[in-house]
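Per the numbering used here, the sequence shown starts with residue -6, numbered consecutively. First the structure, in the form of structure tokens, and then the observations on it.
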Amino acid sequence: MKTICLILWVSLSLQTGMAQKLIMDILDPTGANQNMSSGVNRSEIVGSVYLTDWQEGYLMYGQTKEKKTMRYNVYKDALHVKDAQKKEIIIQEGQVERFIIVDKNVEYNFRWLNNIPKINYGYVQIIYENQVKLYYRHHRRQKQSVSGTEGYMPNIENDVLVEDNSFVIVLPNGITHITKAKKKDILNIFLDKKSDLEAFIKAEKIDTQTLTGLMKVIQKYEELLKK
């Protein structure tokens, strides 16, 4: 309950007074992500292909919620669930449009998204949906060898993986961007309000690579669109 209240408080504190959707924190089972401060500027070496261990959650079919035990493979972008006989099943790509992972009594919503540059499609965590939509792509890749090529990994379950997360931004015109959220890249995404946002970022000393900072920029952009 304390965790839920904290997220709600942080979410509401980022509101600009306009009627907007709830901002959700990034799911981080390690507990390192506090108060929406973490983003994509991380490079920890991890040893599992799964975002979480087996967790309770829900598969979403329209408005229907089906409770399942699940885990999300962020290396292959695949959802694993257990059936009634506790047998592990891999859900086919895009077969489930939305799912929910429950971690520490907090529900984290994921959805299938098409037309993502570079990766074409995949599951993303829903962070914010308003005029601008913000999603978070949880992803892990094999650690590169010294030569710069992907090393041979015979047992990916236990081998070295590196976090390779990204933000996905959908503009009001429907154009989608996948980004590490560096300031230069964010300004180019919101090109029509670049000068205003550049001044805003400088004045507020915003780190766009954190969720907190990026949300401030997005909400400022939405505010500028109304003028």
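Glycine residues also receive a C-beta, built at the ideal position from the N, C-alpha and C atoms.
Looking at the structure shown, is residue i part of a helix, part of a strand, or coil, going by DSSP?
i    : result
Y121 : strand
A71  : strand
E100 : strand
I199 : coil
E143 : Here the model assigns E143 a pLDDT of 48, short of 50, so the residue's position is not dependable and the matter cannot be decided.
E156 : strand
L164 : coil
K126 : strand
L190 : helix
Provide the residue span of the beta strand (DSSP E) that contains residue i, from first to last.
i    : result
F183 : Run containing F183: none; DSSP gives neither H nor E here.
N66  : T57 to N66
T45  : No beta strand (DSSP E) contains T45, which DSSP labels as neither H nor E.
E81  : E81 to I84
K170 : One detail in the question is off: residue 170 reads as His in this sequence, not Lys. Residues T169 to T172.
Q135 : R133 to Q135
When the Cα atoms are used, what is the spatial distance from residue i to residue j?
i    : j    : result
V89  : W105 : 8 angstroms
S159 : K175 : 11 angstroms
G87  : D76  : 18 angstroms
F193 : D18  : 23 angstroms
V39  : I112 : 22 angstroms
G141 : G55  : Unreliable placement is indicated for G141, whose pLDDT of 46 sits below 50; no coordinate value is reported for it.
L218 : K136 : 41 angstroms
Q78  : T62  : 12 angstroms
V42  : F103 : 17 angstroms
I83  : K60  : 16 angstroms
K58  : E191 : 43 angstroms
P22  : I16  : 18 angstroms
H170 : N181 : 10 angstroms
D157 : H132 : 5 angstroms
R64  : P110 : 25 angstroms
Tell me whether residue i is buried or exposed, calling it buried when 16 or more other Cβ atoms sit within 10 Å of its Cβ.
i    : result
T172 : buried
Y101 : buried
Y145 : A caution first: Y145 carries a pLDDT of 47, below 50, which makes its placement in the model unreliable, though a value can still be read off. The residue in question, Y145, is exposed, as its Cβ has fewer than 16 Cβ neighbours within 10 Å.
L44  : buried
Q202 : buried
I119 : buried
T9   : Legend: pLDDT at T9 = 38, less than 50; position of this residue unreliable, value from coordinates given subsequently. Exposed, by the Cβ-count rule.
R134 : exposed
T205 : buried
Just curious, the alpha helix (DSSP H) that residue i is in, first and last residue?
i    : result
Y214 : L204 to L218
* Asked: Within the chosen definition, does the stretch 109 to 129 reach the stretch 151 to 164 through at least 3 CB pairs nearer than 8 angstroms?
  -> The stretch 109 to 129 vs the stretch 151 to 164: in contact.
* Does the stretch 88 to 102 come close enough to the stretch 39 to 52 that 3 or more CB-CB pairs lie under 8 angstroms? -> Using a Cβ-Cβ distance cut-off of 8 angstroms, the stretch 39 to 52 and the stretch 88 to 102 are in contact, since at least three pairs of beta carbons, one from each stretch, lie closer than that value.
* Is it true that the stretch 180 to 199 meets the stretch 61 to 71, where meeting means three or more beta-carbon pairs spaced less than 8 angstroms apart? -> Under the Cβ criterion (8 angstroms, minimum of three pairs), the stretch 180 to 199 does not count as touching the stretch 61 to 71.
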